[in-house]
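Chains A and B supply the protein sequences, listed in that same order.
Take the first sequence: its letters are residues 0 to 303, numbered as in numbering that gives the first Met the number 0.
Take the second sequence: its letters are residues 0 to 564, numbered as in numbering that gives the first Met the number 0.
Positions of the beta carbon are idealized from the N, C-alpha and C atoms, including for glycine.
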Amino acid sequence: MKSTSHSAPETVIDITAVSRRFDTKLALAQVTLAVPRGCVFGLVGENGAGKTTLIKHILGLLKTETGTVRVFGKDPVADPVGVLGRIGYLSELRDLPAWMRMDELLRYSQAFYPKWDAAYAESLRKQFNLEPAARIKNLSRGECAKAGLLVALAHRPELLLLDEPSSGLDPVVRRDILEAIIRTVADEGRTVFFSSHLLDEVERVSDQLAMMVDGRVVLSGPLDEIKAGHHQLTLRFESVQARPPTLTGALSVSGAGHEWTAICNGERAQLTEAAGKLVARIVAERSPSLDEIFVARAGRKIPV
Amino acid sequence: MSSPALAILWEIWRKNRLGLIVILAAIPVWALLSRLLTGPLQPSDDAIKTIWPVLVLLADGLAMWISLFALGVMFCYTETDPRRGHARFPSRLFALPVRTTLLVSCPMIYGVIAVVAVAFAWEKLVLGSLPRVEWMPQRFLPLLFPAAAMVLMQATVWSLPAFPGNRLLVLAVLLFGLLWLTIEPNAHAGVGDWSLERAASYQNRTSIVLAGASALAYLAALVAVERDRRGGSFGWAALWRRVCGLLEMLPRRTKPFRSLAAAQLWFEWRRGGFLLPLYVGAFMALILGPVGWIVRIESPPSSTAIDAEPTVTMFYLILALPIVLAFIIGKRLAEIELNPPAFQLLRPVTCGELVVRKLQMAAFSAAVSWVMVLVVTPLWLALWCDTSMLAQGWRTLQTSYSTPGLCALLSLGFLTAVALTWRWLVTSLYLGLWGRPKIFIGSAACSFIGGWLLLIVLAINFDHPKQLKQWQELTRYLAILVALKWLVGVWAFCGAHRRGLLTARVIFAYIAIWLGVTLCVVAFAWLALSRTIIPKPAIILGAMLVFPLASIGLAPLALAAHRSR
């Protein structure tokens, strides 16, 4: 049940040509993204692709070296109070204060958010099965993730920012609770921006998607359009091909001998024409999964 | 690597090679420097010439203790548990096919060898070459002391991983206790009723105690690491569970916080604000309990109270406790800020608001500590002490000051002490908030060494007429420091206001507090020191440096820089 249309396509996060370097490593390279209000935006990429760095820029924890970041039209570095008060954030590190008890964490967090919904927080606490007297340091990794998610959600933020939210959560919680929460937030007209490397999860809940490889956004747009723009074609050649054929629009090619499989980006008609030029026949075609598109974009062969 | 023992040795070397090289290189450099300072570079002024060897000896001794302590830290062989955040014996080693005895023994043996070798080198190359100072403690450093200190340090760190705060306290008590045991016979040998035979006998007994304590510490470390390896707790888990059970029964806050400020203040108190009162309480209990009991042993059997002389010493010690501990704990609080969790940085509050709560927490912490001292000390004096010497001191004060003057001196003195305690708690805060570990460590080391040297210099003949010229020279430096403090303070507060980190109301409130407290400190310094040879401008300028201004203005700017790198 994805929300596909929104009456106000106002931009919540606007990132323009942001670059960031850590010593010699280029963490972000001219990243440009726009996240419209009310959508679920998935950010995917390998470890070290720059997802967390980008999220830190959105939160104002890192200054841009070049380019601009605007959240709700404000600079998060110049106006952290105006921005952070409207964001619910779940950190990848789950760095909640270890010495606090669960109920203390909720009371402490409540003081910072005027829109804190105590009844909602209590219902989430029960749903997540978190003991009020439990100390954070004694919680498991999954329970810590739930506690962090609870704090991020309870003030009903306009923007929910989740950095690897599935990390540490068991599959049941991930599918039944996390995804349900993400959809509920989006259905209420609020925005969800989350990073993940679990592509099936992103595929299930996202409306829009950005794919990062080595600090660059290699793909960005509505999920449906991205999927419609990619094709997996199986080509049969008359003669044995010693090398992978060079097909226009192909992101990756694998196979041997007469038969080769290519994941391509482009119009169907153009791909057929390109195959014809190589004196090859398209013998099979299907829509690739997001996983396959990601691996092709990241420049890797699909493992058998 | 041909054996696990060698692999552990290599690991310790690889992790600490820079520090070890610095420690080893420091010994010949220091030896050369000492020879130069006591030889060609010795000052010609007669007044300084008499105390010069003492100053050199103290500087050498300080350098030696710092290097031995650094060595101890390096050989503690711990790793930070990423989940719990405190240092413990590296649990990754538990998966290796190696016996726990070897895992524990190797770092201990290496540590003992290293510390004994370095202490021996200091003794032979640096301290041994200095001229003998008749009235100073003998320089003999029994090598058993550093060896025992190393074993006790490692055993404490490995055995109490879940209690980092208490671990520090235990370590401090153990190391100071060991130091006292070692220095005591050397300090008294041949003086008064401490014959050389008695000192030697004392030293023999101390050696037996040190050897026994080291053996017990080794066994304790072995048991603790073995239990840790087996997934068990640390021996007192059942007791700890009961204590926790009792703590659970205490009433806890169940209502929401009235305001954001109240919530943040509570957070800061729980995060580190309680440390100063806790440590002041613990050290007071130690001084008034075991130390008082030991002191009573030396009193005549007929005596029912602590003798007058130790009473005075203990009284001053207790009064100095909050200030001295605030200096150390202030560094610790600033160190915590070096790596603040994103959880804290992402609260929707300004950096100025966060800093103001930290300052308020420090003020509350200092006030609680002094209330404890003020409540306990009179009771202790009245019930268990011979206060004749204190009464004599009081009478001397009464002859020097009128009754209103004395009242003013005492109340201003108390305020100055509280202000100093607060100052030490917050003055390094901006360095921690800045989040640059190297600058923070460098500054902490400089202030520690500089502080000691300043105290030594001030303590030696500060009221001697021959020092007048130096005091006049010092006045000029003090004036520069005060001007610098104001300039940086104005720049920092203006910058923080321009960036919206501090409101004008907060800035004016702090400047009003600064003026009020500084006025009190100046008045106290005037009353206490105006009859000495210290020039009046130096008194006023020195007092104006006590209460922080620039460092407070810099704190929100530093946090803002750290928040968005």
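Going by Cα to Cα distance, which pick from Leu31/B, Ile108/B, Gly441/B is closest to aspartate 59/B? The count along the second sequence starts at 1 and reaches residue 59/B at position 60. Nearest C-alpha to aspartate 59/B: Leu31/B.
Under the rule that 16 or more other beta-carbon atoms within 10 Å means buried, what is methionine 248/B, buried or exposed? Along the second sequence, read from residue 1 onward, the residue named residue 248/B stands at position 249. Per the 10 Å Cβ criterion, exposed.
Chain A within 8 Å of arginine 562/B, Cβ atoms only: What you label residue 562/B is simply residue 563 of the second sequence in a count that begins at 1. Yes, its Cβ sits closer than 8 Å to a Cβ of chain A.
Report the residue ranges of all alpha helix (DSSP H) runs contained in full by the segment 193 to 280 of chain A; include only those spanning at least 4 residues, in chain order. 198 to 204, 222 to 227, 267 to 276
Given that a residue counts as buried once 16 or more other Cβ atoms are within 10 Å of its Cβ, and exposed if not, what is cysteine 361/A? Since the displayed chain A opens at 0 and closes at 303, residue 361/A lies outside it and no answer follows.
Thinking C-beta only, is leucine 27/A closer than 8 Å to glycine 214/A? Position 215 of the first sequence, counted from the start, is the residue given in the question as residue 214/A. Position 28 of the first sequence, counted from the start, is the residue given in the question as residue 27/A. Yes, the pair counts as a contact, with Cβ atoms nearer than the cut-off.
is_contact[lysine 333/A, chain B] using C-beta, thresh 8 Å: Missing from the structure shown is residue 333/A; chain A here goes from 0 to 303 and no further.
Quick one: list the residues of chain A neighbouring serine 2/B, beta-carbon separation under 9 Å, in chain order. The residue given as residue 2/B occupies position 3 in the second sequence. Under the 9 Å cutoff, chain A gives no residues; its nearest Cβ is about 36 Å from serine 2/B.
I need the straight-line Cα distance from histidine 154/A to histidine 56/A, nearest angstrom please. For the purposes of this step, residue 154/A is taken as residue 155 along the first sequence, with counting starting at 1. For the purposes of this step, residue 56/A is taken as residue 57 along the first sequence, with counting starting at 1. One C-alpha to the other measures close to 22 Å.
Considering alanine 120/A, what are the terminal residues of the beta strand (DSSP E) in which it resides? In the first sequence, the residue the question calls residue 120/A occupies position 121. From DSSP, alanine 120/A is part of no beta strand (DSSP E) but of the alpha helix (DSSP H) over 117 to 126.
In chain order, what residues of the same chain have a beta carbon less than 6 Å from the beta carbon of leucine 565/B, not counting five sequence neighbours either side? Past the boundaries of the shown model lies residue 565/B; chain B is included only from 0 to 564, so the question cannot be answered.
How big is the Cα-Cα spacing for lysine 357/B and threonine 79/B? Here the question's residue 357/B lines up with position 358 in the second sequence. Here the question's residue 79/B lines up with position 80 in the second sequence. Near 26 Å, if we compare the C-alpha coordinates of threonine 79/B and lysine 357/B.
For the segment 79 to 92 of chain A, which residues have a beta carbon sitting closer than 9 Å to at least one beta carbon of chain B? Listed by position, the residues of the segment 79 to 92 of chain A near chain B (Cβ gap below 9 Å) are Pro79, Val80, Gly81, Val82, Leu83, Gly84, Arg85, Ile86, Tyr88, Ser90, Leu92.
Three-state secondary structure (DSSP) at phenylalanine 139/B? One-based indexing of the second sequence puts residue 139/B at position 140. Residue placement at phenylalanine 139/B cannot be trusted, given a pLDDT of 47 that sits under 50; the coordinates are not used to answer.
What span of residues does the alpha helix (DSSP H) with serine 33/B cover, start to end? For the purposes of this step, residue 33/B is taken as residue 34 along the second sequence, with counting starting at 1. Element bounds for serine 33/B: 3 to 37.
Buried or exposed by the 16-neighbour rule on C-beta atoms within 10 Å, applied to leucine 264/B: Within the second sequence, numbered from 1, the residue matching residue 264/B stands at position 265. Within 10 angstroms of the beta-carbon of leucine 264/B lie 16 or more other beta-carbons, which makes it buried.
With 8 Å as the threshold, decide whether the Cβ of threonine 349/B is near any Cβ in chain A. On the second sequence, position 350 is the one that residue 349/B refers to. It does; some Cβ of chain A falls within 8 Å.
For the beta strand (DSSP E) holding glycine 66/A, just list the boundary residues, first then last. Working through the first sequence from its first residue, we reach residue 66/A at position 67. Its beta strand (DSSP E) spans residues 65 to 70.
Reducing DSSP to helix, strand and coil, say where proline 377/B ends up. Taking the first residue of the second sequence as position 1, residue 377/B is located at position 378. DSSP places proline 377/B in helix when its eight states are reduced to three.
Who are the near neighbours of leucine 170/B in its chain, counting only those whose CB is closer than 7 Å to its CB and skipping five residues on each side? Here residue 170/B refers to the residue found at position 171 when the second sequence is read from its first residue. Contacts found: Met152, Thr155.
Does DSSP classify glutamate 9/A as helix, strand or coil? Residue mapping note: residue 9/A aligns to position 10 of the first sequence, counting from 1. Residue state, collapsed to three classes: coil.
Within this structure, are the beta carbons of alanine 4/B and leucine 126/B separated by less than 8 Å? Looking up residue 4/B in the second sequence gives position 5. Looking up residue 126/B in the second sequence gives position 127. Cβ atoms of alanine 4/B and leucine 126/B: not closer than 8 Å.
Taking C-alpha atoms, which residue in Ile7/B, Leu35/B, Ala69/B, Pro27/B lies nearest to glycine 18/B? In the second sequence, residue 18/B corresponds to position 19, counting from 1. Selected option, being the one with the closest Cα: Ala69/B.
With 8 Å set as the bound, which would you pick, yes or no: does the beta-carbon of lysine 24/A sit closer than that to a beta-carbon of chain B? By 1-based counting over the first sequence, the position of residue 24/A is 25. Using beta-carbon distances, lysine 24/A does not count as an interface residue toward chain B, since no partner is under 8 Å.
Valine 53/B to threonine 37/B span [Cα, whole Å]: On the second sequence, residue 53/B is found 54 positions in, with the first residue counted as 1. On the second sequence, residue 37/B is found 38 positions in, with the first residue counted as 1. So the two alpha carbons sit approximately 10 Å from each other.
Distance between leucine 245/B and arginine 251/B (C-alpha atoms, nearest Å): In the second sequence, counting from the first residue as 1, residue 251/B sits at position 252. In the second sequence, counting from the first residue as 1, residue 245/B sits at position 246. So the alpha carbons of these two residues sit roughly 12 Å apart.
For isoleucine 335/B and leucine 324/B, what's the separation of their Cα atoms in angstroms? Along the second sequence, read from residue 1 onward, the residue named residue 335/B stands at position 336. Along the second sequence, read from residue 1 onward, the residue named residue 324/B stands at position 325. Straight-line Cα distance between these residues: approximately 16 Å.
Could you tell me whether the Cβ of phenylalanine 256/B comes closer than 8 Å to any Cβ of chain A? Locating residue 256/B in the second sequence gives position 257, where the first residue counts as 1. So yes, phenylalanine 256/B belongs to the interface.
Can you name the residues of chain A whose CB is closer than 8 Å to the CB of leucine 344/B? The residue you call residue 344/B lines up with position 345 of the second sequence. Those within 8 Å of leucine 344/B in chain A are Leu60.
Spatial neighbours of valine 150/A within its chain, please: C-beta separation below 6 Å, excluding the five flanking residues on both sides. On the first sequence, residue 150/A is found 151 positions in, with the first residue counted as 1. So the qualifying residues of the chain are Ser108.
Nearest to alanine 549/B by alpha carbon, out of Thr517/B, Val489/B, Asp44/B, Ala522/B? Reading the second sequence from its first residue, position 550 is the one you call residue 549/B. Residue nearest to alanine 549/B within the set Thr517/B, Val489/B, Asp44/B, Ala522/B is Val489/B (criterion: CA-CA distance).
Kindly indicate the opening and closing residues of the beta strand (DSSP E) around threonine 31/A. Residue 31/A sits at position 32 when you count from the first residue of the first sequence. First-last of the beta strand (DSSP E) with threonine 31/A: 24 to 35.
Given that phenylalanine 111/A touches chain E, what residues does it touch there, using C-beta distances under 8 Å? The structure shown contains no chain E; the protein chains it does contain are A and B.
With a threshold of 8 Å between beta carbons, is isoleucine 135/A in contact with chain B? By one-based count along the first sequence, residue 135/A stands at place 136. No, its Cβ sits nowhere closer than 8 Å to a Cβ of chain B.
Chain-ordered chain B contacts of arginine 124/A [CB-CB under 8 Å]: On the first sequence, residue 124/A is found 125 positions in, with the first residue counted as 1. The premise fails here: arginine 124/A is roughly 15 Å from chain B at the closest Cβ pair, so nothing lies under 8 Å.
Please report the distance separating the alpha-carbon of leucine 56/B from that of leucine 142/B. Numbered from its first residue, the second sequence carries residue 56/B at position 57. Numbered from its first residue, the second sequence carries residue 142/B at position 143. Distance between the alpha carbons of leucine 56/B and leucine 142/B: 19 Å.
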